[in-house]
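Protein chains in written order, with the working numbering: chain A, 330 to 543; chain B, 330 to 543.
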DNA sequence: TATGTTATGTGAATTTAATAACATGAGATC
DNA sequence: GATCTCATGTTATTAAATTCACATAACATA
Ligand SMILES: NC(=O)c1ccc[n+]([C@@H]2O[C@H](COP(=O)([O-])OP(=O)(O)OC[C@H]3O[C@@H](n4cnc5c(N)ncnc54)[C@H](O)[C@@H]3O)[C@@H](O)[C@H]2O)c1
Ligand SMILES: NC(=O)c1ccc[n+]([C@@H]2O[C@H](COP(=O)([O-])OP(=O)(O)OC[C@H]3O[C@@H](n4cnc5c(N)ncnc54)[C@H](O)[C@@H]3O)[C@@H](O)[C@H]2O)c1
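Here it is, written out as structure tokens:
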């Protein structure tokens with residue numbers, strides 16, 4: 330089923346989006362879907378949808394389309410979401426709080442197994458069914474909860490040391506919300522989520538493109 | 330100064346990142362920087378940095394590098410950040426709250442001019458110096474505060490109607506945090522921020538690539 | 001004033017990704 | 001059971017983005 334080919338990261342990104350779209354279709358009782366409908370639903374071209382899926386196998390039926398439940402299962406499998414992933418979130422501030430309470434992660438099989446902070450006034454506070462832990466307990470909880478992925482939600486100034494802590498404790502992947510480039514060893518998967526870049530793309534388009542057409 | 334060329338969105342994205350890196354350098358008293366140092370600092374190649382800047386003009390001095398203050402000013406100008414932008418955030422939930430309190434927006438010249446919700450229990454609550462407004466006041470405040478950009482932080486189910494409301498009230502750009510593709514007229518600039526796609530890229534890399542190398 | 005050094009700016013080459021076009025095969029129809 | 005329809009899967013084409021390589025110009029030095 331799985332071809333061996335370098336898969337563009339853009340394809341993986343779209344796969345994640347297709348997958349959640351399929352989830353919605355499935356919840357709505359839709360049983361079959363075409364590449365055109367997926368394309369329409371997520372805002373890409375039908376050829377793109379088929380191309381993306383083709384990296385991983387043949388999931389459809391010619392002349393018919395895709396079985397929603399099956400394709401959903403396949404996309405989840407491809408994304409590694411046929412298993413549960415435990416997360417550690419470091420930084421129980423505003424963003425950390427929002428992330429902890431976000432139900433969308435749970436739906437996709439993510440389990441927030443620990444939230445950590447170094448501010449004594451925050452430690453011990455409850456966020457939903459979670460309790461904010463002191464940073465000191467990080468190693469122990471990573472171990473006991475089998476956590477492989479860390480989320481950084483601390484200020485820029487603390488991001489690198491938190492990343493170092495995560496690496497030291499054997500985490501394999503890091504999702505970083507602090508807007509800095511972090512130094513980690515090559516074997517660590519790291520991705521940044523930047524909440525303001527897209528906003529500045531908007532202002533660029535409003536301001537610069539407007540100026541250009543003067 | 331400004332060449333007329335289609336600028337790749339990836340270039341604008343990186344420009345936003347360079348710009349914030351330059352801000353850090355400037356705060357640290359650094360006066361001159363090379364494309365190599367910028368590249369190092371943000372995690373791209375030096376050629377990429379120069380190529381990106383070349384879309385907009387010549388900002389450096391050969392043999393020397395770039396003047397940090399000047400280049401910062403130019404990048405801000407290019408991104409449209411030489412002016413203040415008023416934002417309306419709709420959805421005063423966990424994410425909306427985090428966005429409202431995030432100081433990083435202010436630093437870059439964004440001014441949150443209104444936060445709106447339709448939940449009576451949330452309306453009137455204070456978030457920092459802001460007060461959550463009922464959706465009914467949206468048209469009036471958009472007008473009086475000269476708001477051109479809207480931020481959607483409501484659940485998926487309400488996102489399209491909020492987008493429609495924004496379009497109807499003359500907003501020109503939308504930043505959408507709900508993980509759905511929204512339908513808006515062509516003249517509206519819209520970008521989605523998806524907080525979980527990157528997480529699923531991580532699991533893909535951990536799970537799929539691991540499986541491939543078996 | 002000539003020379004050496006250094007990092008920019010840019011055109012060409014390469015790589016990568018997206019689009020288009022079409023052959024294929026599954027199912028429906030007659 | 002032959003034929004027709006339709007949407008997939010795939011190859012070919014086009015487009016886009018990135019990297020490379022080097023000529024260029026500013027500055028420092030002698
Ligand atoms: N809030 C937003 O909407 C938003 C938007 C864009 C980017 N970000 C980024 O996300 C990160 C978090 O933002 P926030 O708004 O939640 O900030 P915040 O100040 O509300 O929370 C940061 C938390 O990290 C904790 N912390 C600081 N140093 C620590 C350390 N060494 N170890 C453990 N915990 C530590 C603090 O005690 C605090 O609770 C920042 O890097 C910010 O730039 C946030
Ligand atoms: N919280 C996160 O970390 C996170 C992560 C990823 C994506 N998101 C997305 O961001 C969005 C907001 O998430 P959240 O966690 O803040 O949810 P939330 O439930 O905490 O907040 C949503 C808010 O929107 C308000 N609302 C609902 N319908 C509305 C309407 N028609 N008009 C105005 N307000 C309305 C609700 O009253 C509520 O206050 C969702 O689409 C979610 O999928 C959130």
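We treat Cβ as the ideally placed atom computed from N, Cα and C, and that holds for glycine. Computed from a prediction, not measured in an experiment: that's the story for all the values here.
Where does residue i fall in DSSP's three states?
{"i": "residue 415 of chain A", "result": "strand"}
{"i": "residue 403 of chain A", "result": "helix"}
{"i": "residue 492 of chain A", "result": "helix"}
{"i": "residue 547 of chain A", "result": "Past the boundaries of the shown model lies residue 547 of chain A; chain A is included only from 330 to 543, so the question cannot be answered."}
{"i": "residue 383 of chain B", "result": "helix"}
{"i": "residue 463 of chain B", "result": "strand"}
{"i": "residue 376 of chain A", "result": "helix"}
{"i": "residue 537 of chain A", "result": "helix"}
{"i": "residue 504 of chain A", "result": "strand"}
{"i": "residue 442 of chain A", "result": "strand"}
{"i": "residue 390 of chain B", "result": "strand"}
{"i": "residue 532 of chain A", "result": "helix"}
{"i": "residue 371 of chain A", "result": "helix"}
{"i": "residue 485 of chain B", "result": "helix"}
{"i": "residue 280 of chain A", "result": "Outside the displayed span of chain A (330 to 543) sits residue 280 of chain A, for which this structure offers no information."}
{"i": "residue 431 of chain A", "result": "coil"}
{"i": "residue 349 of chain A", "result": "helix"}
{"i": "residue 480 of chain A", "result": "strand"}
{"i": "residue 447 of chain B", "result": "coil"}
{"i": "residue 335 of chain B", "result": "coil"}
{"i": "residue 330 of chain A", "result": "Since pLDDT at residue 330 of chain A reaches only 37, below the 50 mark, its modelled position is unreliable, and no value is offered."}
{"i": "residue 455 of chain B", "result": "strand"}
{"i": "residue 437 of chain B", "result": "coil"}
{"i": "residue 524 of chain A", "result": "coil"}
{"i": "residue 396 of chain B", "result": "strand"}
Beta carbon of residue i, beta carbon of residue j: below 8 Å?
{"i": "residue 423 of chain A", "j": "residue 427 of chain B", "result": "yes"}
{"i": "residue 526 of chain A", "j": "residue 342 of chain B", "result": "yes"}
{"i": "residue 361 of chain B", "j": "residue 384 of chain B", "result": "no"}
{"i": "residue 535 of chain A", "j": "residue 499 of chain B", "result": "no"}
{"i": "residue 371 of chain B", "j": "residue 417 of chain A", "result": "no"}
{"i": "residue 429 of chain A", "j": "residue 444 of chain A", "result": "yes"}
{"i": "residue 404 of chain B", "j": "residue 363 of chain B", "result": "no"}
{"i": "residue 407 of chain B", "j": "residue 537 of chain A", "result": "yes"}
{"i": "residue 378 of chain B", "j": "residue 421 of chain B", "result": "no"}
{"i": "residue 375 of chain A", "j": "residue 386 of chain A", "result": "no"}
{"i": "residue 496 of chain B", "j": "residue 513 of chain B", "result": "yes"}
Output needed for residue i: all residues of its chain with C-beta closer than 8 Å, excluding positions within five of it in sequence on either side, in chain order.
{"i": "residue 333 of chain B", "result": "Annotation note: pLDDT 48 at residue 333 of chain B (below 50); position unreliable, coordinate value reported separately. If we look at residue 333 of chain B and ignore the five residues flanking it on each side, it has no Cβ neighbours."}
{"i": "residue 412 of chain A", "result": "438"}
{"i": "residue 390 of chain A", "result": "396"}
{"i": "residue 489 of chain B", "result": "509, 511, 512"}
{"i": "residue 436 of chain A", "result": "352"}
Comparing C-alpha positions only, which one of the options sits nearest to residue i?
{"i": "residue 465 of chain B", "options": "B:459, B:448, B:454, B:481", "result": "B:448"}
{"i": "residue 505 of chain B", "options": "B:536, B:457, B:431, B:492", "result": "B:492"}
{"i": "residue 351 of chain B", "options": "B:367, B:407, B:470", "result": "B:367"}
{"i": "residue 433 of chain B", "options": "A:537, A:539, A:523, A:338", "result": "A:523"}
{"i": "residue 382 of chain A", "options": "A:346, A:355, A:473", "result": "A:346"}
{"i": "residue 508 of chain B", "options": "A:377, A:431, A:405", "result": "A:431"}
{"i": "residue 458 of chain B", "options": "B:473, B:440, B:446, B:472", "result": "B:440"}
{"i": "residue 355 of chain A", "options": "A:378, A:338, A:400", "result": "A:400"}
{"i": "residue 486 of chain B", "options": "A:474, A:357, A:339, A:338", "result": "A:357"}
{"i": "residue 501 of chain B", "options": "A:472, A:425, A:515, A:539", "result": "A:539"}
{"i": "residue 494 of chain B", "options": "B:373, B:425, B:446, B:340", "result": "B:446"}
Assuming residue i contacts residue j under a Cβ cut-off of 8 Å, what Cβ separation, rounded to an integer in Å, is found between them?
{"i": "residue 414 of chain B", "j": "residue 519 of chain B", "result": "With a Cβ gap of about 16 Å, residue 414 of chain B and residue 519 of chain B do not count as contacting."}
{"i": "residue 517 of chain B", "j": "residue 503 of chain B", "result": "6 Å"}
{"i": "residue 452 of chain B", "j": "residue 463 of chain B", "result": "5 Å"}
If I measure Cβ to Cβ from residue i and keep anything under 7 Å in the same chain, skipping five residues before and after, which residues do I get?
{"i": "residue 359 of chain A", "result": "397"}
{"i": "residue 336 of chain B", "result": "384"}
{"i": "residue 393 of chain A", "result": "361"}
{"i": "residue 338 of chain A", "result": "none"}
{"i": "residue 474 of chain B", "result": "415, 442, 443"}
Going by beta carbon distance, what residues of the same chain come within less than 6 Å of residue i, once the five residues before and after it are set aside?
{"i": "residue 402 of chain B", "result": "none"}
{"i": "residue 476 of chain A", "result": "415, 417, 442"}
{"i": "residue 470 of chain B", "result": "443"}
{"i": "residue 454 of chain A", "result": "461"}
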